[in-house]
Structure formats: structure tokens, C-alpha cells
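*Asks:* Below is one structure. I have some questions about it.
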Amino acid sequence: MKPRECRASVTALRALTPEIIEVDLEVIEPADWSFEAGQWISVPFGPKNVRAWSMVSSPTRKGVLTLSIDVAPGGIGSQWVRGLQPGDAVRFKGPTGGFVFNRADTRRAVFVAEEIGIVPVRSILSHLYETGYGRPTARYPGFSYLPVLREPPATWRGEKGEPAEAVERLVYGIDRLIVYVCGGGETINRVRDVLVTKGMDRKSVKWEKFW
Ligand SMILES: Cc1cc2nc3c(=O)[nH]c(=O)nc-3n(C[C@H](O)[C@H](O)[C@H](O)COP(=O)(O)OP(=O)(O)OC[C@H]3O[C@@H](n4cnc5c(N)ncnc54)[C@H](O)[C@@H]3O)c2cc1C
Numbered sequence: 041m042k043p044r045e046c047r048a049s050v051t052a053l054r055a056l057t058p059e060i061i062e063v064d065l066e067v068i069e070p071a072d073w074s075f076e077a078g079q080w081i082s083v084p085f086g087p088k089n090v091r092a093w094s095m096v097s098s099p100t101r102k103g104v105l106t107l108s109i110d111v112a113p114g115g116i117g118s119q120w121v122r123g124l125q126p127g128d129a130v131r132f133k134g135p136t137g138g139f140v141f142n143r144a145d146t147r148r149a150v151f152v153a154e155e156i157g158i159v160p161v162r163s164i165l166s167h168l169y170e171t172g173y174g175r176p177t178a179r180y181p182g183f184s185y186l187p188v189l190r191e192p193p194a195t196w197r198g199e200k201g202e203p204a205e206a207v208e209r210l211v212y213g214i215d216r217l218i219v220y221v222c223g224g225g226e227t228i229n230r231v232r233d234v235l236v237t238k239g240m241d242r243k244s245v246k247w248e249k250f251w
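Start counting at 1 in the sequence shown, then tack on 40, and there's your number in my numbering.
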């Protein structure tokens, strides 16, 4: 679907942490607006100045969407999000982007998200959970979630380090694998390098660069 000029209204705001704010939007126009899990919208802040945000919600809920925004960068986009109130009008363009899950692709999928890069992955996984994985097995065949902390507390017994180090340790078979990576450009490059060194084809690493 082509990106469209849209008009929406803020219906709710939630601070997940002091610096992660979720924004619920109701799309007023166009009435039939929809998106694919993994896509994003752009909000204008003057000529040639936009900020892009991915949908964190699943596309099954028609006419509504949720954004999940890290306001730590503190720029024009973060300040705007901090100032939003329920009832505010929002103009945006979308949906855009090809960081979407292809159900026809029968390879095993690995999702690697750095920090707020979890946003499109949450949308994709929620959508797969709600609608079924499209394979003969159950709703979430062999699903596992491995949080990796850069600076873990002393009590942490889980994975530690950089995303690329975790991929190096945990992804041992690259055969019939497709990998989705979202976050900063440096991490995307490092993860792809690790996978290519393991023998993976570069094209089998799909990515979305947030910063
Ligand atoms: C396709 C796409 C989808 C995106 N989706 C999301 C999303 O769902 N949620 C979200 O929070 N952000 C997302 N972003 C980033 C978002 O567009 C803004 O850059 C971010 O919200 C900060 O906006 P800002 O105006 O405050 O700072 P900016 O002026 O945009 O950024 C200031 C600096 O911080 C860097 N930066 C931006 N975000 C981060 C970050 N999280 N961690 C470290 N450095 C960062 C920028 O590259 C820049 O160098 C997305 C970006 C793209 C391109």
C-alpha cells in the first residue's frame, strides 16, 4: 500500500519507563487506513524535516495504532512526544517500509533488536501470535526470547554483551535461516558481519536502521 497523508487523534499516552513513551492514535482520515506489521509512519516538523516511528501495535486493530518512542535523544521529535496530550491532532504520512515478515518464506526467522529497535519486532510477533504462524504447527512453534544486557546488574544470570556477540554465540546453524535486525547502524553492520562470516548470504539479513 502506498504511503498516504493521514489525520489522527491522540487517544492515550503511557510512560513505560521515564524515557519510553507509548502513544495511541486513532486514524480519522483516511477511514480505510491500514499497515503491515513492521512498517513505519513519518511526522513532519517543517520542510524536509520529518521523524519516522514504527508501529508497535498489531495491524489487526483497524483504524488505530500505537507508537513506542524513546525520548532520550532529546531532539525535536522527542520534545514533541513529551508534549503530547490526549485529544491532540496529529498529521502523518504512511505506512512505509519493507521490514515486514513474509509468511511465504519457510526459513526459520531470528529477530535481533537493539534497544527501542524492538518496536517493529513486537508488531510482527504480536501479529503472528494473533493470526497464527502460517505453518502446520501451533501458534508459536519453538519460540524463544533471549534478553541480552550490556550492563547487567550483579544478579543477572542471562546473556550479556553486545547484540552481535550474542548472535555470534547463540546462532550456530545458518542453514535455512532469515534474520531481521533493527536498531543502530553500527549494530546492524556488526550483526550482518558475524552472520556473513558464519556463511550466511547478505541478502538473508533484513534490516531497519533507526539511528
Ligand atoms: C524507519 C525508522 C523507524 C523508526 N522507528 C522508531 C521507533 O519506533 N521508536 C523510536 O523511538 N525511534 C524510532 N526511530 C528514530 C526516530 O525517527 C527519531 O530519530 C527518534 O525518535 C529521536 O528523535 P529526535 O528528534 O528526538 O532526535 P533526532 O534528531 O532524530 O536524533 C538525534 C540523534 O540521536 C540518534 N538517535 C535517534 N534515536 C536514537 C536512539 N533510540 N538511540 C540512540 N540514538 C538515537 C539520531 O541518529 C541522531 O544522531 C525510527 C527511525 C527510522 C529511520
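We put the CB at the ideal spot given by N, CA and C, even for glycine.
Determine which residues share a DSSP beta bridge with Gly134 and list them.
*Replies:* DSSP output for Gly134 lists Arg44 as bridge partner(s).
*Asks:* Quick one, are the C-beta atoms of Val121 and Glu59 less than 7 Å apart?
*Replies:* No. Outside cutoff.
*Asks:* Taking only heavy atoms of ligand 1 into account, decide whether any of them is closer than 6 Å to the Cβ of Pro99.
*Replies:* For ligand 1, not one heavy atom lies less than 6 Å from the Cβ of Pro99.
*Asks:* Among Gly103, Thr195, Cys46 and Ser118, which has the Cα closest to the Cα of Arg91?
*Replies:* Answer by Cα proximity: Ser118.
*Asks:* Within 10 angstroms of its Cβ, does Thr237 collect 16 or more other Cβ (buried), or is it exposed?
*Replies:* Thr237 is exposed by the Cβ-count criterion.
*Asks:* When the distance is taken between beta carbons, is Ser108 closer than 7 Å to Glu62?
*Replies:* Taking 7 Å as the Cβ cut-off, Glu62 and Ser108 qualify as a contacting pair.
*Asks:* Bridge partners for Arg148 per DSSP, in chain order?
*Replies:* Leu217.
*Asks:* Excluding sequence positions up to five away, which residues of its chain have a Cβ less than 8 Å from the Cβ of Asp233?
*Replies:* Cβ within range, chain order: Ala204.
*Asks:* What first and last residue would you give for the alpha helix (DSSP H) that runs through Thr237?
*Replies:* Looking at the DSSP string, the run of the alpha helix (DSSP H) that includes Thr237 is Gly225 to Thr237.
*Asks:* Helix, strand or coil for Thr106? Go by DSSP, reduced to three states.
*Replies:* Note: Thr106 maps to strand in three-state DSSP.
*Asks:* Would you mind sorting Tyr220 into buried or exposed? The rule is 16 or more other CB atoms within 10 Å of its CB.
*Replies:* Tyr220 should be labelled buried.
*Asks:* Rank Glu202, Asp64, Asn89 and Trp251 by C-alpha distance to the C-alpha of Arg54 and give the top, closest one.
*Replies:* Here the closest residue by C-alpha is Asp64.
*Asks:* Between the Cα of His289 and the Cα atoms of Asn142, Glu191 and Ala153, which residue gives the shortest distance?
*Replies:* Lying before the first or after the last residue shown, residue 289 is absent from the chain, which here runs from 41 to 251.
*Asks:* Do you know offhand how far Thr177's Cα is from Tyr169's?
*Replies:* For Thr177, the predicted structure reports a pLDDT of 49, less than 50, and the residue's modelled location is therefore unreliable. A value from the coordinates is still provided. Rounded to the nearest angstrom, the two C-alpha atoms are 12 Å apart.
*Asks:* Who are the near neighbours of Pro192 in its chain, counting only those whose CB is closer than 8 Å to its CB and skipping five residues on each side?
*Replies:* Contacts found: Gly198 and Lys200.
*Asks:* Should Ala48 go down as buried or exposed, given a rule of 16 or more other Cβ atoms within 10 Å for buried?
*Replies:* The residue in question, Ala48, is buried, as its Cβ has 16 or more Cβ neighbours within 10 Å.
*Asks:* Less than 6 Å separating the Cβ of Ser74 from some heavy atom of ligand 1?
*Replies:* Checking every heavy atom of ligand 1 against the Cβ of Ser74, none is found closer than 6 Å.
*Asks:* With burial defined as no fewer than 16 other Cβ atoms inside 10 Å of the residue's Cβ, what is the status of Ala206: buried or exposed?
*Replies:* Buried: at least 16 other Cβ atoms inside 10 Å.
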